[in-house]
Every structure is written in C-alpha cells, then in structure tokens.
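Undergrad: Numbering (the working numbering), first residue to last: 14 to 507. Note that beta-carbon positions come from the ideal geometry of N, C-alpha and C, so glycine has one too. Fair warning: this is a prediction, and the values are worked out from it, not measured in the lab.
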C-alpha cells in the first residue's frame with residue numbers, strides 16, 4: 014500500500030455481488046470495506062454507513078480533525094490532500110470513489126518507483142469521504158434512496174428528468190453548505206485540500222459551497238456515475254466534468270459548460286473488471302459447465318427493495334428453465350441469506366439441474382468472465398463493470414430516472430438487450446439460446462462505450478488541474494448564494 018494504510022472496516026463496496034477486487038473463493042462471508050488514508054494522517058477519512066444512531070468511526074474521526082489545530086499552508090503543500098467525495102446513496106457512487114482513490118494512489122506508487130519521490134503524485138494524500146457524514150442531520154442515504162423505489166418511482170423519474178434540465182439551469186451556490194453542511198466548510202479550512210473529486214451531486218455542491226465560503230483555491234472535478242447528467246450538478250463552478258461519452262458532453266455544452274471543462278473518460282470502475290481471465294478456468298473455479306451457455310443473474314444487493322421486482326421476474330422464469338437445457342442460470346443472491354435459502358428451495362422443488370445459486374461472491378469480475386450474458390439492473394456502475402468485463406447484458410425491469418437513461422444509451426448502441434417483464438426476459442433468453450452470436454454482436458457494439466481506464470484518466474486530470482491552480486477565469490470561482498442561469502436549447506429530448 015506504500016504510504017497508505019487500510020483503516021476502518023465498512024460496508025461492502027460492490028453491493029450487488031461482492032468486492033470484485035478480492036481474488037478469493039467464489040462464495041464467502043461478506044468482508045468489510047475499507048478506505049484509503051495516509052498512514053501518517055490524523056484525518057480519519059473513513060467511509061461510514063450514514064444514519065447510524067451512534068456516531069460512526071468516520072464521524073468521530075472528522076470531529077477529531079475539526080477539534081485539532083488544522084494544517085498549515087506549508088504542511089498542505091508538502092503532502093497535498095486530495096479528497097474523493099461520494100454520498101452513501103446506494104453503492105455506485107461509493108464504488109466509483111474507491112476506483113478513483115485507487116488510481117490516485119497507484120499514480121503515487123508509480124512515481125515513487127520511478128524515483129520521483131518529490132513529485133505531486135508521490136506526495137499527495139488520498140482521502141475518501143462520505144459527504145453525508147458532515148450533515149447537521151446525519152441520515153441514512155440508502156434508506157432515503159429506497160423511498161424512491163416503490164410507488165414513488167414515477168415521481169422520481171419526472172423530477173430527475175426535468176428539474177433544471179431545460180433552459181433554466183443550476184450553476185452552484187453556498188446554500189448547500191450554509192443550510193446542511195457547515196461542518197464540511199470548516200473541514201476544508203483545516204485540511205486545505207489540493208483538489209476535490211466528487212461522484213455525487215450533493216458532494217459536488219457542498220464542495221463548491223465550501224470553496225466559495227473559504228475563498229480557498231483548489232479544483233473541483235465532477236464525475237457523474239450514470240450515462241446522462243442530471244440538472245443539479247454545479248455546472249458553472251466545476252473545473253472539470255469527467256463524463257462517460259460524447260452524448261453526455263453534448264448534454265453539458267448547451268448548459269454553457271465550455272469544452273475545456275469537459276473530459277470524456279468513461280465511468281470509473283475497479284481495475285479488477287478489466288483483468289483478462291481465462292473463460293474455461295473461470296468456469297472451473299465456480300463449478301460451471303463448459304458446454305452450456307452460462308447466464309449470470311445479479312440479484313444480490315445492499316438495498317433489497319429496488320430488487321423486489323427483479324427477483325420476482327427471476328422467480329417467474331424458473332419453472333421454464335426446463336425448456337432451456339443448453340443454458341446454465343447462475344443466480345447471485347449476495348449477502349441476503351434469506352433470499353439465497355428461498356431460491357435454493359425453489360430450485361430443488363422444481364427439480365432444476367441447470368440453475369445454480371451462489372451467495373456472496375468475492376471475485377465478481379472472474380464470474381462475469383465465466384458468463385455468456387449477464388442479467389442485471391441498469392445501474393450506472395453495474396453496467397460499467399459489465400462493459401469493462403466484456404459481459405453482454407440483459408437489463409431487467411422497468412427503469413426510471415438515471416436507469417432509464419442508462420437503458421436508452423446501452424440499447425441504442427446495441428450494447429445490451431432490455432426486458433421489462435418476465436415474459437420478455439424468457440423470450441430474450443430463448444433468442445440468445447437459438448442465436449448465440451447475438452451476444453458477440455453486443456460485445457462489438459459495447460466497444461463504443463467501454464473505457465476501462467476511466468479512473469486512471471480522472472487521476473491524471475486531477476493532478477494536472479492541481480498544477481494549473483489558480484485558474485484565469487474569475488467567474489469560475491465567483492461567490493453566489495443561489496446561482497441560476499439561462500442555457501441554450503438542450504441537445505437531447507428527455
């Protein structure tokens with residue numbers, strides 16, 4: 014780990030499966046998640062489960078920093094802190110933050126190996142923070158996200174698609190920090206970050222607020238973790254948007270984000286998903302047949318409520334797996350032991366010999382390599398991991414908000430198939446069974462979206478922006494309480 018230490022056990026970062034970076038056995042108890050912090054740092058930059066009634070270790074560590082004297086300018090210059098911010102709302106933003114942190118750390122390790130110990134990369138201290146830990150009210154972001162997965166989903170869809178995405182746009186402002194996150198402003202004053210990278214709109218807006226209120230000079234990078242940009246990103250006060258593809262860049266340009274502040278990097282995923290595995294060896298490792306089409310269903314999740322309909326669809330097609338003897342269905346239940354037990358019982362009751370149920374899987378990347386097609390929800394990080402792992406996808410379920418944008422992007426590119434109902438899913442599986450080449454076509458089309466080195470590109474851009482501080486554009490760092498503005502006609506119809 015170089016000068017970094019692994020500290021503070023936390024929740025699973027890849028909640029739908031397991032920690033993909035761990036090359037351990039195919040099924041194991043859920044391991045703790047950890048965060049990267051400098052070994053010498055007193056800033057406990059832990060990722061915590063927001064909303065715990067008792068103060069978490071992360072919050073306690075933050076409070077310890079705020080109670081201390083803070084860093085001097087000389088100390089911050091000697092070991093520049095790079096903050097990677099997310100919000101614990103689901104697992105995608107968290108996973109992206111850790112991928113970026115790993116890339117930043119790897120850049121430092123490489124610099125030291127090359128004898129550049131005095132370089133910015135080698136001296137930087139990477140901290141991963143959950144913005145929800147800084148709130149006046151520390152709430153459970155995962156629980157809040159679950160509130161928008163039932164009958165409220167259509168309302169969420171309308172809000173996500175149409176809030177500040179037309180001509181009236183959001184530029185940024187101090188309101189976020191003044192109302193809910195004054196603690197983060199003080200944290201910035203004491204830590205003196207060299208840059209902040211944000212994978213969630215709340216983190217991005219609070220970072221912009223803190224910079225405005227402190228008058229500090231540091232770049233802010235925004236990294237949307239889906240295949241479309243919602244309207245609440247602080248468009249006019251972001252130094253660089255790192256986006257998935259040209260489609261998203263075209264969304265930002267009418268919002269008056271100049272080209273020099275847009276970088277097409279892809280969505281950052283763990284490097285484990287870009288490792289090339291031998292398919293035959295991967296199947297042998299998981300006890301899967303070599304002479305069948307392997308269909309992998311990712312049904313495990315940290316938040317079970319969004320997966321209710323997904324799991325119901327899988328339940329309904331189980332009796333029909335008798336008709337697909339050339340396919341092997343592998344259902345990953347994750348850490349949900351109750352769901353795993355129920356599905357195992359159903360498989361036994363139906364007498365199915367071509368359905369395998371796995372619990373928590375450590376090396377999901379290798380399991381994806383063993384599969385011919387993956388059935389999954391259209392979450393931004395999930396589909397990105399599949400793209401990086403060269404795994405064709407069937408996107409299952411009715412999609413709303415950002416997931417609808419992801420489905421539209423992937424299906425329009427021919428990189429995935431979509432199924433809304435159990436009947437559609439069964440029909441899609443029958444088609445793939447009859448025409449195996451259709452998965453090869455998806456792989457070819459997915460090359461348009463596949464960017465396995467996104468995290469490395471974001472890390473390079475972060476260090477480049479630090480070296481260019483301060484910027485020449487005074488408007489980028491102007492102070493506003495609420496900054497709304499008028500944009501041009503949107504490039505895409507929502």
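When burial is assigned at 16 or more other CB atoms within 10 Å of the CB, is residue 55 buried or exposed?
TA: By one-based count along the chain shown, residue 55 stands at place 42. Note that residue 55 scores a pLDDT of 31, beneath 50, so its modelled location is shaky; the value from the coordinates is reported in the next line. Its Cβ having fewer than 16 others within 10 Å, residue 55 is exposed.
Undergrad: Would residue 499 and residue 129 qualify as a contact pair, given that the criterion is a beta-carbon distance under 8 Å?
TA: On the chain shown, position 486 is the one that residue 499 refers to. On the chain shown, position 116 is the one that residue 129 refers to. It is not a contact, given that the beta carbons lie outside the stated cut-off.
Undergrad: So, do the segment 176-190 and the segment 241-257 have three or more beta carbon pairs nearer to each other than 8 Å?
TA: yes
Undergrad: Closest to residue 426 by C-alpha separation, out of 202, 454, 104, 435, would be which residue?
TA: What you label residue 426 is simply residue 413 of the chain shown in a count that begins at 1. Nearest C-alpha to residue 426: 454.
Undergrad: Please determine, among 126, 92, 97, the residue with the shortest C-alpha to C-alpha distance to residue 472.
TA: Looking up residue 472 in the chain shown gives position 459. It is 97.
Undergrad: Please list, in chain order, all residues of the same chain as residue 416 whose beta carbon is under 6 Å from its beta carbon, the five residues on each side excluded.
TA: Walking along the chain shown from the start, residue 416 turns up at place 403. For residue 416, where only same-chain residues beyond five positions count, the Cβ hits under 6 Å are 391.
Undergrad: Rounded to whole angstroms, what's the CA-CA distance from residue 487 to residue 250? Just pull it up for me.
TA: Here the question's residue 487 lines up with position 474 in the chain shown. Here the question's residue 250 lines up with position 237 in the chain shown. Going from the Cα of residue 487 to the Cα of residue 250 covers about 10 Å.
Undergrad: On the CB-based measure, 16 or more other CB atoms within 10 Å of its CB, does residue 150 come out buried or exposed?
TA: Locating residue 150 in the chain shown gives position 137, where the first residue counts as 1. Exposed is the label assigned to residue 150, since fewer than 16 other Cβ atoms lie within 10 Å of its Cβ.
Undergrad: Between which two residues does the beta strand (DSSP E) holding residue 497 run?
TA: Against the chain shown, residue 497 aligns to sequence position 484. From DSSP, the beta strand (DSSP E) with residue 497 extends over 496-499.
Undergrad: Measuring CB atoms only, is the segment 95-112 touching the segment 369-384, in the sense that at least three cross pairs come out at less than 8 Å?
TA: They do not touch, by the three-pair rule.
Undergrad: For residue 366, count neighbouring C-beta atoms within 10 Å of its own C-beta (all shown protein chains included) and say buried if the count is 16 or more, exposed if not.
TA: For the purposes of this step, residue 366 is identified with residue 353 of the chain shown, where counting begins at 1. Exposed, by the Cβ-count rule.
Undergrad: For the putative contact between residue 190 and residue 219, defined by C-beta atoms under 8 Å, what is the C-beta separation to the nearest angstrom?
TA: As a working mapping, residue 190 is identified with position 177 in the chain shown. As a working mapping, residue 219 is identified with position 206 in the chain shown. Indeed, because the Cβ distance is near 6 Å, the residues count as touching under 8 Å.
Undergrad: Going by DSSP, which residues form a beta bridge with residue 254?
TA: In the chain shown, counting from the first residue as 1, residue 254 sits at position 241. Residue 254 is bridged to 235, 275.
Undergrad: In angstroms with no decimal places, state the Cα-to-Cα distance between residue 282 and residue 462.
TA: The count along the chain shown starts at 1 and reaches residue 282 at position 269. The count along the chain shown starts at 1 and reaches residue 462 at position 449. So the alpha carbons of these two residues sit roughly 13 Å apart.
Undergrad: Cβ atoms of residue 224 and residue 89: under 8 Å apart, would you say?
TA: Mapped onto the chain shown, residue 89 falls at position 76. Mapped onto the chain shown, residue 224 falls at position 211. In this structure, residue 89 keeps its C-beta atom at 8 Å or more from the C-beta atom of residue 224.
Undergrad: Could you compute how far the alpha carbon of residue 202 sits from the alpha carbon of residue 478?
TA: Taking the first residue of the chain shown as position 1, residue 202 is located at position 189. Taking the first residue of the chain shown as position 1, residue 478 is located at position 465. Inter-residue distance for residue 202 and residue 478 is about 20 Å (C-alpha atoms, whole angstroms).
Undergrad: Within the continuous beta strand (DSSP E) that includes residue 98, where are the two ends?
TA: Position 85 of the chain shown holds residue 98. According to the DSSP assignment, residue 98 belongs to the beta strand (DSSP E) that extends over 94-99.
Undergrad: Count the other C-beta atoms from every protein chain shown that fall within 10 angstroms of the C-beta of residue 171, then say buried if there are 16 or more, exposed otherwise.
TA: As a first step, residue 171 must be located in the chain shown, where it is residue number 158. The residue in question, residue 171, is exposed, as its Cβ has fewer than 16 Cβ neighbours within 10 Å.
Undergrad: Give the DSSP-derived three-state secondary structure of residue 244 in the structure shown.
TA: Locating residue 244 in the chain shown gives position 231, where the first residue counts as 1. DSSP places residue 244 in coil when its eight states are reduced to three.
Undergrad: Tell me, which residues are paired with residue 189 by DSSP?
TA: One-based indexing of the chain shown puts residue 189 at position 176. Residue 189 is not bridged to any residue.
Undergrad: Specify whether the segment 351-363 and the segment 323-341 touch according to this definition: at least 3 beta carbon pairs, one from each stretch, less than 8 Å apart.
TA: yes
Undergrad: Taking residue 263 and residue 504 to be in contact with their CB atoms under 8 Å, please state how far apart those CB atoms are, rounded to whole angstroms.
TA: Position 250 of the chain shown, counted from the start, is the residue given in the question as residue 263. Position 491 of the chain shown, counted from the start, is the residue given in the question as residue 504. Contact flag correct, Cβ pair sits at about 4 Å.
Undergrad: Secondary structure at residue 437, three-state DSSP: helix, strand or coil?
TA: In the chain shown, counting from the first residue as 1, residue 437 sits at position 424. Three-state result, residue 437: helix.
Undergrad: Tell me the start and end of each unbroken alpha helix (DSSP H) in the segment 457-497 that is at least 4 residues and wholly inside, in chain order.
TA: 467-481
Undergrad: With a cut-off of 8 Å on the beta carbons, I'd call residue 2 and residue 169 a contact; round off their distance for me.
TA: In the structure as shown, the chain begins at 14 and stops at 507. Residue 2 is therefore absent and cannot be evaluated.
Undergrad: What would DSSP say about residue 179, mapped onto helix, strand or coil?
TA: Position 166 of the chain shown, counted from the first residue, corresponds to residue 179. Looking at residue 179 - three-state DSSP - the assignment turns out to be coil, as it is neither helix nor strand.
Undergrad: Express the C-alpha separation of residue 403 and residue 433 in angstroms, rounding to a whole number.
TA: On the chain shown, residue 433 is found 420 positions in, with the first residue counted as 1. On the chain shown, residue 403 is found 390 positions in, with the first residue counted as 1. Cα to Cα, the separation comes out at about 23 Å.
Undergrad: Less than 6 Å between C-beta atoms, sequence neighbours within five positions excluded: which residues of the same chain meet that for residue 67?
TA: Stepping through the chain shown from its first residue, residue 67 is reached at position 54. In this predicted model, residue 67 has a pLDDT of only 39, less than 50, meaning its place in the structure is not dependable enough to derive any value.
Undergrad: I'd like to know whether the C-beta atoms of residue 12 and residue 450 end up nearer to each other than 8 Å.
TA: It is not possible to answer for residue 12, since the shown part of the chain is limited to 14 through 507.
Undergrad: Kindly identify the DSSP beta-bridge partner or partners of residue 369.
TA: To locate residue 369, count along the chain shown from 1; it is residue 356. The partner list for residue 369 (beta bridge, DSSP) reads 343.
Undergrad: Can you tell me whether residue 289 is buried or exposed? The criterion is at least 16 other CB atoms within 10 Å of its CB, across all chains shown.
TA: Here residue 289 refers to the residue found at position 276 when the chain shown is read from its first residue. By the 10 Å Cβ count, residue 289 comes out exposed.
Undergrad: Taking 8 Å as the threshold (C-beta atoms), are residue 424 and residue 418 in contact?
TA: For this step, residue 418 is matched to residue 405 along the chain shown. For this step, residue 424 is matched to residue 411 along the chain shown. Their beta carbons are not under 8 Å apart, which means residue 418 does not touch residue 424 by this criterion.
Undergrad: Whole angstroms is fine: what's the gap from residue 80's alpha carbon to residue 388's?
TA: Within the chain shown, numbered from 1, the residue matching residue 80 stands at position 67. Within the chain shown, numbered from 1, the residue matching residue 388 stands at position 375. Their backbone Cα atoms lie some 48 Å apart in a straight line.
Undergrad: Assuming residue 452 and residue 405 are in contact, meaning their beta carbons sit under 8 Å apart, how far apart are those beta carbons, in whole angstroms?
TA: Here residue 452 is taken as the residue at index 439 of the chain shown, counted from 1. Here residue 405 is taken as the residue at index 392 of the chain shown, counted from 1. Sure, about 4 Å apart at Cβ, within 8 Å.
Undergrad: In chain order, what residues of the same chain have a beta carbon less than 6 Å from the beta carbon of residue 252, not counting five sequence neighbours either side?
TA: To locate residue 252, count along the chain shown from 1; it is residue 239. Taken in chain order, the residues that qualify are 232, 233, 478.
Undergrad: Which runs of the beta strand (DSSP E), 3 residues or longer, sit entirely within the segment 402-438?
TA: DSSP assignment within the segment 402-438 yields the following whole beta strand (DSSP E) runs of 3 residues or more, N-terminal first: 406-409, 429-432.
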